[in-house]
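First up is the structure itself, then whatever we jot down about it.
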Amino acid sequence: MATLLCLVAETWVGWGFAAPAATAAGLQRLSAEASQSRLLEDSLHTRPRPECREPNAVDSRRVHIRTRNVQMRTANDQMWPSHFHNRTSRLRTRTAMLAVLLGMCLTAGACGGSDDGDSPPPVSSQPGSTTTASPADPAAEVRAAVTAAQKQYYDAYRAAMANPRDQVLVEALLAVYVDGSVPARNIRGDVAWLAERGYVIRPSADDYYVIEDIHVDAPPPAGRATATVCGYDTGTVIDGVNRAPDGKDIVVNNTPASGRTRLIWVEQGDGTWKIDGGELVDSWEGENRCPPRPAG
């Protein structure tokens, strides 16, 4: 600043002018201000510079970031063990797996579907059986179609769960569901979870289901029906990758169970029937409360 003042004074003199009194007074004032400025700068060099933000604000921000990171890590730590625990609980709860076997999504309560109306007399069926329908009876046609679709689903499920890493079998199972439906998304996730861990479900010859009722909600060509199905499942969930030290299977779950579900079947444009929703009505772990297996 002093150098600048000297240059200003020399300029006035060099041009042949005498610095006016006002200018001289102004220069003196500027010189005094410059001295104060130097003192201020010196003091700044001898002490730490203040933060751009108040220390409390900076500390609060850092605490917030640390807290957020801890919360994120905590959320992840809770999510994955919880996710693993929930899935494992499903495997250990045979009734939940039975719900999948019968075509249900693995969520509490209903997943789509419609309200029940008055039901006609029960229609029983065992795997492989069909119901003959008269062309003049649309309701009978629907029951026959749903009975066949349930058999298709049952076979596709057993095949896919016995080898959940086989994408051909998995796609055949998913083909029995309405594309994009909640049950379809859930079954895809559960099959993937089994495949990731190498778990398989070994079917048993003692497994069976009975279609207790098929209520026709809407006739073809946009048919819709609600099927009440009771199934008994004694299949064993095993580790399909690892073996026990003695070379035997590692059993994850082998508790039998039975359960009753209501499934929503809807007719597609090509005439096929697919699962669009349903709900688990009753379940019994460790026992069979379904009607007897039909003979034949």
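Everything in the sequence shown is counted per the UniProt record's numbering, starting at 1 for the first residue and increasing by one. Idealized CB from N, CA, C, for every residue including glycine.
In this structure, DSSP gives ARG165 a state outside helix and strand, which the three-state scheme calls coil. A straight-line Cα-Cα distance of about 7 Å links CYS290 and GLY259. CA-CA distance, ALA172 to LYS151, rounds to 13 Å. Relative to the Cα of ALA136, the nearest Cα in the group SER204, GLY278, PRO219 and ASP190 belongs to PRO219. Selection ALA140, PRO138, VAL178 and ARG165 evaluated against TYR153 yields VAL178 as nearest (Cα-Cα). Runs of the beta strand (DSSP E) lying entirely within the segment 168 to 196 and spanning at least 3 residues: none are present. Straight through space, the alpha carbons of TYR157 and VAL252 are spaced by roughly 19 Å.
Within the same chain, Cβ atoms closer than 6 Å to the Cβ of SER181 are found at ASP276, the five residues on either side in sequence being excluded. DSSP places THR228 in the uninterrupted beta strand (DSSP E) bounded by 224 to 233. Short of 6 Å from the beta carbon of ILE214, and not among the five residues preceding or following it, lie these beta carbons of its own chain, in chain order: VAL123, ARG143, VAL146, ALA225 and ALA227. With fewer than 16 other Cβ atoms inside 10 Å of its own Cβ, PRO221 counts as exposed. 8 Å or more divides the Cβ of ASP239 from the Cβ of GLY189. In the displayed model, THR236 falls within a strand according to three-state DSSP. Residue pairing for SER258: DSSP places it in a beta bridge opposite TYR232 and TRP284. Judged by their CB atoms, ARG262 and VAL281 are nearer to each other than the 8 Å cut-off.
Pairing LYS274 with TRP265 gives a Cβ-Cβ distance under 8 Å. Separation of LEU174 and ALA148 (C-alpha to C-alpha, rounded to the nearest whole angstrom) is 16 Å.
Closest by C-alpha distance to GLU287, out of THR234, LEU169, ILE211 and VAL168, is THR234. Counting the other Cβ atoms within 10 Å of the Cβ of VAL237 gives 16 or more, which makes it buried. Per DSSP, the continuous beta strand (DSSP E) segment holding ASP249 begins and ends at 249 to 253. Rounded to whole angstroms, the Cβ separation of TYR209 and GLY231 is 4 Å, and the two are in contact under 8 Å. Assigned with DSSP and collapsed to three states, ALA149 falls in helix. A check of alpha carbon separations from VAL176 across GLU267, VAL200 and ALA295 identifies GLU267 as the nearest.
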